[in-house]
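Chemist: This is the structure I want to talk about, given as structure tokens.
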Amino acid sequence: MTQGSTLIDIAIKYGFLALMAGLIAFFGTMADGFLTPFSAVFILQSVAITGILALGVTATLVVGGFDLSIGAVATSALMLSAYVMVVWEQSAVTAVLLCLAMGAVVGLVNGLLIVKMKVPDLLATLGMMFLLVGLQRIPTQGRSISTGMTLSDGDVAKGHFSETFLMLGRHRVDFFAPNLVPLSVIFLVVIAVGVWLFLELTRHGRLMYAIGSNAQAASLAGTNVDRYKILAYMISGTLASFGGVLLAARLGRGDVASGNNLLLDSVAAALIGFAVLGASKPNAFGTAVGALFVGILLQGLTMMNAPYYTQDFVKGAVLVVALVFTFALSGRGGRGRG
Amino acid sequence: MTQGSTLIDIAIKYGFLALMAGLIAFFGTMADGFLTPFSAVFILQSVAITGILALGVTATLVVGGFDLSIGAVATSALMLSAYVMVVWEQSAVTAVLLCLAMGAVVGLVNGLLIVKMKVPDLLATLGMMFLLVGLQRIPTQGRSISTGMTLSDGDVAKGHFSETFLMLGRHRVDFFAPNLVPLSVIFLVVIAVGVWLFLELTRHGRLMYAIGSNAQAASLAGTNVDRYKILAYMISGTLASFGGVLLAARLGRGDVASGNNLLLDSVAAALIGFAVLGASKPNAFGTAVGALFVGILLQGLTMMNAPYYTQDFVKGAVLVVALVFTFALSGRGGRGRG
Amino acid sequence: ADMPKPFDNPGKVKIALVRYLSTGDFFEAYLSGVQAQAKALGVDLRIFDSRQDAALQADMVDQAIALGVDGIIIQHGLTESMKNAAQRAVAAGIKVVAFDVDVDNPKIPQIEQSDRDLARLALEQAIKDNGNSFTAGYVYVPGIAPLDRRNETWVQVKKDNPGIKQVAEFGTLDNPIANSVANQARSVLSAHPNINVMFAPYDEFAKGVKIAVDEAGMSDRVSIYSADISTADIQSMREPGSAWKATAATNPAVVGEVSVRSLAMLLAGQDPGHNVIVPPTLITQKMLNDLDIKNMAELGKKVPAFAHADVSVPAWMPLPQR
Amino acid sequence: MEKAAIRLSGLHKAFGRNKVLRGIDLEIPAGQVTVLMGANGAGKSTLVKVLCGVHSADEGTVMLGDRPFAPASPSEALRAGVVTVHQNINDGVVPDLDVASNLLLDTLADGAGFFLRRRRMRDEARQIALRVGLKIDVGHQVADLTLADRQLVAIARAMARDPQLLILDEPTSSLSALEAERLFALIERLRDRGVAVLYISHRMSDIRRLADRIVSMRDGRISGLFEEKPLDYSGSVRAMLGHEITEVDIAVPTPGRTVVEVSDLVLRQGARPFSLTARENEVIAVTGLVGSGKSELASVLFGLERPLSGAVTLDGKPHRPASARAAIEAGVFLCPKDRLVNAVVADFDITRNISLPFTRRHSRMSFVSRRSERGAARRMIDTLGVVCQGPGDGILTLSGGNQQKVMVARWMAEASRLLILDEPFQGVDIQARRDIGHKIRETAGSRATIVFVAELDEALEIADRIFVMSEHSIVGEHRNENIDVSAIMAEVVDAAATRAEGN
Ligand SMILES: Nc1ncnc2c1ncn2[C@@H]1O[C@H](COP(=O)(O)OP(=O)(O)OP(=O)(O)O)[C@@H](O)[C@H]1O
Ligand SMILES: Nc1ncnc2c1ncn2[C@@H]1O[C@H](COP(=O)(O)OP(=O)(O)OP(=O)(O)O)[C@@H](O)[C@H]1O
Ligand SMILES: [Mg+2]
Ligand SMILES: [Mg+2]
């Protein structure tokens, strides 16, 4: 029972994408070299990590939850992978597997806290965030991890980031041009498509949307609400840890870092996704577009030599305008609380 | 019709406070000088600003919203007050009034975005956050503001932080001991009591809780839902800007890097408040206790010479345990999403 | 050795380190230096960590006063917030030294790693390598005191060398800094492919720039000059074909030791001087390769100027074990 | 008699100190419709929730066929063939998904396969929808549907399951006679296929139409079992109440001054203009099919919507409230339908729910006086006979009917000029309905009262005058004396017929 004219419908549906196209056109004329495959790939690369985290957070948004711990999970994975390779001198495969397992376990704990202990999701994941931020620094007393570092027992760490591992963040695949597309971009695309398929086209995704919309009704219709909620947090945790692995591979070292900016940027991407195609609800396609949007904006502004603070400002302004446009027009506000 | 035995009821109701008492006892025996009025005042002072912000966020939580922009509002007020006094060479009163007005206007804009434009609250305030983070740095190109700084037109700023203004953050009132209680602590206590009175005992607070629980029902019962929601965001914005003023008064400088952790710490305090006295919903008393709790924890750990990362870890761990305790026992999870 | 009072009974001496910044390698290394020197002296060290909360840091000074410490080291912070607190400590008869924050007090020695010198050493190397006209990208975030001081030198060097053309200025402190800076630097490099020198006077910035330069495949065309050093930086500078050519640094651990020694001198009634400057060392890629230096420990061993600063070392002063 | 599909023995369930089920022994045979009757708060829904795996019993056993049955979750119950349509309609549907997904939600939940087969889903959903006469595109979002359609969606899903035991907890609370009739036909078809049906309702017309046997419940116990034809309806009511039902005897009083005058109102494009007058000391009932525009008229009077044209006056002055607040201040109160969506503040206790619109009256300088509001709440609990432990009870701990009473109490706590009640008897038991009706009539002296009800029985029980609404317009007016019920029905159904033709 849609109301109003089709024109508004079209505006709602394609307004955000049109805005993005306008942005691309603007930067294309204003900044040299913006409209090259090289630049496009780079934008994708710059949003790969946030994008992957945002897709995870989307899964939790779909079941009506929220994961504040993703930033901390990612930096924990960054530290863990470095620790495994540099201090324990293990292989890349071990490092990646351990990180993914860590992410999944964190997600599981988050999920259990929320469904079994009935801790509200924001609270549970906030607690988890603080916990991980502290935990990841304890093994090295707050220092970064790199080959040659002195360990607490006085030894020198002899392990190093294996080539295989670094490839995850650095290897480029031939595509149109030789050595064009970095692996991390391929991961982003594969994960985005995967999450999209899962949420939109599978039974499980549909049930997760049902839970987010009305958990009680879904439960009474026989859905195992607890299990799906836990699953969502595990997806989120695992993807966040994978994001951390990619980060480690790009940096080539275990830098101590708070994941706050990762968190905020991914949340922004996932929330912007609400506005894409007039969805008014969390959705994987929108999240990917949201991440891309932020990437394009930052790339364009940086190429135009805008200082970092104007970038934040423009990011905020465009976000607000885009959202007002979408939500004021569609006039329903969707699942409000994100 | 409370369910279960009274023992569990008591555990739910006083569990968190008992935990806090235990913590105090523990630190009291472990750390010299923890149990002194001086230390108590210090704890209060260390949480004054976070506490004030958290009380604001509580108001938005009560109407079922969420304000992610508080940290940015506080730092904007910090920069604005410095700018007004140092660059424009205006008085303390002007600076404070302008800051409060700025906070109220930001709250108003947040509120309008949310109620009129139907932008989901997390989104609207996230956009506002980015916007302010950028905006506050534009007048000084990202530099801190202090007397003698070179302005963009080459002049030297001649204004300075007035004594009156600095007193807000630094003056101490005689209480038991001479010069014991800082003004900021008094502000915290007064604001906490004020917000508590407002939310718990006045009909406006009552209606705000009704809106948070069922906005549709409140509206049909004649409540001006939009106006109260906007009011909540204005309270939040104004309190956050006041927090920023106190911060400026304590720093004596418009420092761009300060205030990074304000958002997360205040949100943590407000959310911990859910667990106090088994409220399972946002409440001013709980928020104040939550802020105090974090303050006690950090002070105790500092006095025991724990490195900063273990403080994060312990903060997270205690938070999770306290929450599990409260929510698992009460078994209802309250207003879940914060 | 014959120890002057009060170090004849060092167990009774309590000193406090009041920190503004703590997260990151620099600060951990500084702390380890402080701890090592305090241990060598045998004094009781208490650490107050304000986690970048300047107001809290001022309170912590008061707390230290209330705790009855004999000496305080103030590590970083803001002049405006620390000035009064430091004065209160002095008034309470406590000896105070300040590292990298100007507390504007004649009674308080200022320990400094000279940021201007750091920038100067790095830039002199850049001019030596690239001549005095080149196209530069510059990484800077205003409002951070050491970066602001390094910036002053850069501005001066640009003025003295009109051939240096700065085509881009960028920078961010978004965490993880190296990753965010890498993203920016990639954009900058695609907009200005003619950049041949990147001045990134903070090692987190330099890491990020290096990642971007590598990703853009421009390692052979761009040279990076920076400040500060860590084990990870050494690894990164020594990578084959690394664009990171030189960095100027003081050893943060040494600065930590100097801070404690200066405080100890005050406590023993000696004067370390009002400005205690720890001289920086220039570390080039070539030097690291020639000496086969793999980490900070080896850097200290093989470049003695880096391992120990002959600053504030009276005859009685015990030095940390190496 | 058929063999028992399900047998309950010694079932106990308590919430804290509130003993809700106190030893239920009951058989529900296959191939019959067992109607369960009971006053509000008797424990019917609780019993249902035990059977469908939401609550677990404290004591007692359930045998399904010849196996013990104690489902730990709704999905277990569903798999065992126990399918439930819950009383709370919002427990039945997922608003953000389309109708098709809603109709197949349970199939999805315990289904196999990874990917959705969307075309097949749509086809199946269409068939399921067709069976209950749900004439909507299955691609629509449920959020856009009316309450009645939502209820139909929930029912349709249950019907499609081919259950062993089908439980319907007040399934017709939002349905019109037409839709209800279609539902009854479906239930009968299932019954004839050997399904055991447990049907809970407060509507005597439903019960008369469907019941093969009646079980009465009172205070958590079975208080009567009626199986012999013809069924003893009055006996069953007596058993559930513990006394005779009070008879209603409407004596139309002389109406007082005119309060509201509606003239040439057009609710929407193409609807005929209509007029009506409401006077003091008179109760008007407006009846009509679901979707005939009753709630829209209520919204217009309460200031939530504007009519296309026409005028409304209140006490001779133009009445055009800009908001609910303005209407309330003018003395026009609306007790809306769908209490859980529109009225119940879940976080509040009974007291706060009642005082919600009138906090100003209970406060001095903005500070709320707990004593004052408690007093008002106590008074209203007594007046309307709300079954509860005290005025401090959380609203959600009350049974559905008692929640409804609290919502009516909210608007009767203060004097009004015009009291509008939209479906005030949703989920209310017969006795309570009489009580509420009685109260409404008793206090009608100083105001005009308009009650919107889809059930003609309810209109007959309460009104002095009855208006029939159809196609967003008033099509008939009847004085409630020696009324010709069939004439009214004809007006209602006629309109429906024309509409059906139009479609
Ligand atoms: N979750 C609960 N917590 C506490 N008390 C409850 C709960 N659910 C029901 N009750 C209580 O159990 C009693 C029976 O409620 P129930 O909903 O079963 O009644 P009902 O027979 O279905 O009434 P109605 O006809 O009004 O729907 C009531 O007194 C109610 O207050
Ligand atoms: N918000 C809305 N959007 C679209 N259509 C609506 C909306 N509200 C009502 N309608 C439609 O308007 C018509 C009249 O609705 P209304 O609620 O006034 O009917 P009613 O007679 O009161 O029915 P009910 O018995 O359900 O209360 C229905 O066909 C309904 O589908
Ligand atoms: Mg019921
Ligand atoms: Mg209606």
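Protein chains in written order, with my numbering: chain Y, 13 to 350; chain Z, 13 to 350; chain H, 3 to 324; chain U, 62 to 564.
Ideal Cβ positions, reconstructed from N, Cα and C, are used throughout, including at glycine.
Nearest to Ile-442(U) by alpha carbon, out of Ala-474(U), Ala-190(U), Val-323(U), Arg-340(U)?
Modeler: Working through the fourth sequence from its first residue, we reach residue 442(U) at position 381. Answer by Cα proximity: Ala-474(U).
Chemist: Between the segment 271-293 of chain Z and chain H, which residues of the former have CB atoms less than 8 Å from a CB of the latter, in chain order?
Modeler: Those residues of the segment 271-293 of chain Z that come within reach of chain H (Cβ to Cβ, closer than 8 Å) are Asn-272, Asn-273.
Chemist: What does a CB cutoff of less than 7 Å around Ile-96(H) pick up in its chain, not counting 5 residues either side in sequence?
Modeler: Within the third sequence, residue 96(H) is the residue found at index 94, counting from 1. Around Ile-96(H): Ile-67, Val-71, Asp-72, Gly-73, Ile-74.
Chemist: I'd like the span of the beta strand (DSSP E) that includes Gly-285(U), first residue to last.
Modeler: Reading the fourth sequence from its first residue, position 224 is the one you call residue 285(U). Looking at the DSSP string, the run of the beta strand (DSSP E) that includes Gly-285(U) is 282-287.
Chemist: In whole angstroms, what is the alpha-carbon distance linking Phe-142(Z) and Gly-285(Y)?
Modeler: Indexing the second sequence from 1 puts residue 142(Z) at position 130. Indexing the first sequence from 1 puts residue 285(Y) at position 273. Cα to Cα, Phe-142(Z) sits roughly 17 Å from Gly-285(Y).
Chemist: Once the 5 residues before and after Leu-290(H) are set aside, which same chain residues still bring their CB inside 7 Å of it?
Modeler: Walking along the third sequence from the start, residue 290(H) turns up at place 288. Ile-236, Met-239, Arg-240.
Chemist: Rounding to the nearest angstrom, what Cα-Cα distance links Leu-31(Y) and Ala-334(Y) in this structure?
Modeler: For this step, residue 31(Y) is matched to residue 19 along the first sequence. For this step, residue 334(Y) is matched to residue 322 along the first sequence. If I take the Cα positions, the gap works out to 8 Å.
Chemist: Helix, strand or coil for Gln-168(H) per DSSP?
Modeler: Against the third sequence, residue 168(H) aligns to sequence position 166. Gln-168(H) falls in the strand class under three-state DSSP.
Chemist: What is the residue span of the alpha helix (DSSP H) that Pro-135(U) lies within?
Modeler: Position 74 of the fourth sequence, counting from 1, holds the residue named residue 135(U). Start and end: 135-140.
Chemist: Apply the 10 Å Cβ neighbour rule to Trp-100(Y) and answer buried if 16 or more other Cβ atoms are within range, or exposed otherwise.
Modeler: Walking along the first sequence from the start, residue 100(Y) turns up at place 88. Per the 10 Å Cβ criterion, exposed.
Chemist: Closer than 7 Å: is that where the CB of Ser-106(U) sits relative to any heavy atom of ligand 1?
Modeler: As a first step, residue 106(U) is located in the fourth sequence; it is residue number 45 there, counting from the start. For ligand 1, at least one heavy atom lies less than 7 Å from the Cβ of Ser-106(U).
Chemist: Which residues of chain U have a Cβ atom closer than 7 Å to the Cβ of Ser-71(Z), listed in chain order?
Modeler: The count along the second sequence starts at 1 and reaches residue 71(Z) at position 59. The amino acid at residue 71(Z) is misidentified as Ser; the sequence shows Ala. The contacting residues do not exist; Ala-71(Z) stays about 16 Å from chain U at best.
Chemist: Assuming Phe-428(U) and Thr-214(Z) form a contact by the criterion Cβ under 8 Å, report the distance between their Cβ atoms to the nearest whole angstrom.
Modeler: Position 367 of the fourth sequence, counted from the first residue, corresponds to residue 428(U). Position 202 of the second sequence, counted from the first residue, corresponds to residue 214(Z). Between Thr-214(Z) and Phe-428(U) the Cβ distance is about 6 Å, and since that is below 8 Å, they are a contact.
Chemist: Inspect the beta-carbon positions of Ala-233(Y) and Leu-166(U) and report whether they are closer than 8 Å.
Modeler: Here residue 233(Y) refers to the residue found at position 221 when the first sequence is read from its first residue. Here residue 166(U) refers to the residue found at position 105 when the fourth sequence is read from its first residue. For Ala-233(Y) and Leu-166(U), yes; Cβs fall inside 8 Å.
Chemist: Quick check on Thr-235(Z): does DSSP put it in helix, strand or coil?
Modeler: Position 223 of the second sequence holds residue 235(Z). Three-state DSSP puts Thr-235(Z) in coil, outside helix and strand.
Chemist: Would the segment 221-241 of chain Z and the segment 45-57 of chain H be scored as touching if the rule is three or more Cβ pairs under 8 Å?
Modeler: Short answer: they don't touch.
Chemist: Whole angstroms are fine: how far does the CA of Gly-133(H) sit from the CA of Val-278(H)?
Modeler: Here the question's residue 278(H) lines up with position 276 in the third sequence. Here the question's residue 133(H) lines up with position 131 in the third sequence. Those two C-alpha atoms are separated by around 33 Å.
Chemist: Consider the Cβ of Thr-18(Y): report whether some Cβ of chain U lies at a distance smaller than 8 Å.
Modeler: By 1-based counting over the first sequence, the position of residue 18(Y) is 6. No, its Cβ sits nowhere closer than 8 Å to a Cβ of chain U.
Chemist: If you measure from the CB of Val-81(U), is any heavy atom of ligand 1 nearer than 7 Å?
Modeler: Taking the fourth sequence and counting its residues from 1, one reaches residue 81(U) at position 20. Val-81(U) Cβ: within cutoff of ligand 1.
Chemist: Compute every distance between the C-beta of Ser-292(Z) and the non-hydrogen atoms of ligand 1, then say whether any falls below 7 Å.
Modeler: Your numbering for residue 292(Z) matches position 280 in the second sequence. No, ligand 1 has no heavy atom inside 7 Å of this Cβ.
Chemist: For chain Y, is any of its Cβ atoms less than 8 Å away from the one on Met-141(Z)?
Modeler: Taking the second sequence and counting its residues from 1, one reaches residue 141(Z) at position 129. At least one chain Y Cβ lies under 8 Å of Met-141(Z).
Chemist: What are the residues that DSSP puts in a beta bridge with Cys-396(U)?
Modeler: By one-based count along the fourth sequence, residue 396(U) stands at place 335. Cys-396(U) pairs with Leu-482(U).
Chemist: Among the residues of its own chain, which have a CB less than 6 Å from the CB of Ser-158(Y), if the five just before and after it don't count?
Modeler: Stepping through the first sequence from its first residue, residue 158(Y) is reached at position 146. Arg-265, listed in sequence order.
Chemist: Do the segment 240-249 of chain Y and the segment 111-131 of chain Y meet, that is, are 3 or more Cβ pairs less than 8 Å apart?
Modeler: The segment 240-249 of chain Y is in contact with the segment 111-131 of chain Y.
Chemist: Would you call the segment 56-69 of chain Z and the segment 300-320 of chain Z in contact, with 3 or more CB pairs under 8 Å?
Modeler: A contact exists between the segment 56-69 of chain Z and the segment 300-320 of chain Z.
Chemist: Over what stretch of residues does the beta strand (DSSP E) that includes Gln-112(H) continue unbroken?
Modeler: Counting from 1 along the third sequence, the entry for residue 112(H) is found at position 110. Element bounds for Gln-112(H): 112-115.
Chemist: Where does Gln-153(Z) land, buried or exposed, given buried means 16+ other C-beta within 10 angstroms?
Modeler: For this step, residue 153(Z) is matched to residue 141 along the second sequence. Exposed, by the Cβ-count rule.
Chemist: Since Thr-145(U) contacts Ile-216(U) with CB under 8 Å, what's their CB separation in whole angstroms?
Modeler: By one-based count along the fourth sequence, residue 145(U) stands at place 84. By one-based count along the fourth sequence, residue 216(U) stands at place 155. With a Cβ gap of about 11 Å, Thr-145(U) and Ile-216(U) do not count as contacting.
Chemist: Exposed or buried, what is Phe-187(Y) when buried is set at 16 or more other beta-carbons lying within 10 Å of its beta-carbon?
Modeler: Indexing the first sequence from 1 puts residue 187(Y) at position 175. With fewer than 16 Cβ atoms within 10 Å of its Cβ, Phe-187(Y) is classed as exposed.
Chemist: Label Gln-65(H) either buried or exposed according to how many other C-beta atoms from any shown protein chain fall within 10 Å of its C-beta, with 16 as the threshold for buried.
Modeler: By one-based count along the third sequence, residue 65(H) stands at place 63. Gln-65(H) should be labelled buried.
Chemist: Could you tell me the alpha carbon to alpha carbon distance between Phe-46(Z) and Leu-35(Z), rounded to whole angstroms?
Modeler: Position 34 of the second sequence holds residue 46(Z). Position 23 of the second sequence holds residue 35(Z). Rounded to whole angstroms, Phe-46(Z) to Leu-35(Z) spans 11 Å at the Cα level.
Chemist: How about Ser-24(H): is its Cβ closer than 7 Å to a heavy atom in ligand 5?
Modeler: Looking for ligand 5 in the displayed structure turns up nothing; the ligands present are ligand 1, ligand 2, ligand 3 and ligand 4.
Chemist: Exposed or buried, what is Ala-260(Y) when buried is set at 16 or more other beta-carbons lying within 10 Å of its beta-carbon?
Modeler: Taking the first sequence and counting its residues from 1, one reaches residue 260(Y) at position 248. Answer is buried; the Cβ neighbour count reaches 16.
Chemist: Tell me which same chain residues have a C-beta within less than 6 Å of the C-beta of Phe-207(H), skipping the five on either side of it?
Modeler: Here residue 207(H) refers to the residue found at position 205 of the third sequence. Contacts found: Val-141, Val-183.
Chemist: What I want to know is whether the C-beta of Val-448(U) ends up closer than 7 Å to one or more non-hydrogen atoms of ligand 1.
Modeler: The residue labelled residue 448(U) in the question sits at position 387 within the fourth sequence. At least one heavy atom of ligand 1 is nearer than 7 Å to the Cβ of Val-448(U), so yes.
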